[in-house]
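**Q** If you read the sequence shown in the working numbering, its first letter stands for residue 1, the second for the next number, and so on.
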Amino acid sequence: MPSLQLVINVYGGLVQEVFCSDPEIEVLLVDWDVEPADAEHPSIVHVPADDRRPQLAYVAPLAVQALDALQGTQVAAAINTAEQAAW
């Protein structure tokens, strides 16, 4: 296993959980798939873009769980299966 491992669990196009061997790591989500109707949400920023109107992005920190929290989960089963399939 690598000295530092980060696992991001995405389901239905949304980040569900983040696990890391160093739970003190800071993880930021930058999501460009933002609806204009949500433009006033406090986590949505207007990013300058050359020669066109600003782009919208949702930017927020994600909670990180210790890698040990993966044990016994479907996420761990998926990782184990992938590793056995000879990455």
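Each residue gets a CB set at the ideal place from its N, CA and C atoms; glycine is no exception.
(1) Cα separation between residue 29 and residue 15?
(2) With C-beta atoms as the reference, is residue 23 less than 9 Å away from residue 75?
(3) Work out the CA separation of residue 66 and residue 73 for me, nearest whole Å.
(4) Measuring CA to CA, which of 10, 27, 9 and 7 is closest to residue 60?
(5) For residue 17, which of helix, strand or coil comes out of DSSP?
**A** With the given structure in hand:
(1) 9 Å
(2) no
(3) Their backbone Cα atoms lie some 13 Å apart in a straight line.
(4) Of the candidates 10, 27, 9 and 7, 27 places its Cα closest to the Cα of residue 60.
(5) strand
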